[in-house]
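Everything on this sheet refers to the single structure shown next.
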Amino acid sequence: MTARANYIGLAPKAMQILLNQEAYLKEQFSDSSILSTALWELLKLRVSQINQCAFCVDMHSKDALAQGETVERLIGLSAWRDMPMYSATERAALEWAEHLTQSKPVDDQYYDKLATALGEKGLVDVTIAVNAINSWNRIVKTFKPEVGSHKPK
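Below is the structure:
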């Protein structure tokens, strides 16, 4: 494969904006009574699966496992609707993540359903999280860092 641009080195200020967004999300998902860091990893992994971003699927699978997520829940994620191991909050967030990633319209009834399930602040934070991973997926799919090179912290 031809080496591609070093996007981090060539646009460090732009990458810092995305990293600052990640820091905000880490704080929100860590401090929330509704959202969790485990859910955040599930969202990143599910959106990366939809976008077929191999690097991100590898990264977020490893990170989720390192944070204590179970293999069964990671394997079942692509069929989460039919798997009994996800909470109501996780199901609402995963549904919203898929809906936004697939650019489906959001009518008032659907918005109200998700705002009730996640709370308005939770809905905002999940929306930002979905936007963030979609951005990362598009960047990584363009510049293709080596799949498998990620080491969890």
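In short: position in the sequence shown from 1, add 263, done, that's our numbering.
Each residue gets a CB set at the ideal place from its N, CA and C atoms; glycine is no exception.
For this session: Kindly indicate which three-state DSSP category Thr333 falls into: helix, strand or coil?
Result: coil
For this session: Determine the DSSP secondary structure at Ala274, reduced to helix, strand or coil.
Result: coil
Exercise. In terms of residues, what are the limits of the alpha helix (DSSP H) holding Lys414?
Worked result: Taken as a continuous stretch (DSSP letters only), Lys414 belongs to no alpha helix (DSSP H), as it is neither H nor E.
For this session: Mark Asp388 as exposed unless 16 or more other C-beta atoms lie within 10 angstroms of its C-beta, in which case mark it buried.
Result: buried
Exercise. Are Phe406 and Tyr270 close, meaning C-beta to C-beta below 8 Å?
Worked result: yes
Problem set entry | Leu357 vs Leu305 beta-carbon contact at 8 Å | yes
For this session: Using three-state DSSP, classify Leu298 as helix, strand or coil.
Result: coil
Exercise. Exposed or buried, Glu353, counting other C-beta atoms within 10 Å across all chains shown (16 or more means buried)?
Worked result: buried
Problem set entry | Selected residue, minimal CA-CA separation from Lys404, among Ala317, His413, Asn394 | Ala317
Problem set entry | Cβ pair Asn394, Asn314 closer than 8 Å | no
Exercise. Among Lys289, Val320, Trp303, which one has its Cα closest to the Cα of Ala360?
Worked result: Trp303
Exercise. What does a CB cutoff of less than 6 Å around Lys307 pick up in its chain, not counting 5 residues either side in sequence?
Worked result: His323, Ile396
Problem set entry | Lys384, enclosing alpha helix (DSSP H) - first and last residue | 383-406
For this session: Kindly indicate which residue of Asp326, Ala277, Gly339 has the alpha-carbon position closest to the one of Val412.
Result: Looking at the sequence provided, one finds Ser at residue 412 rather than Val. Comparing Cα positions, the closest option is Asp326.
For this session: Return the Cβ separation of Ile391 and Gln284 in integer angstroms, given the expectation that the two are a contact with Cβ distance under 8 Å.
Result: 7 Å
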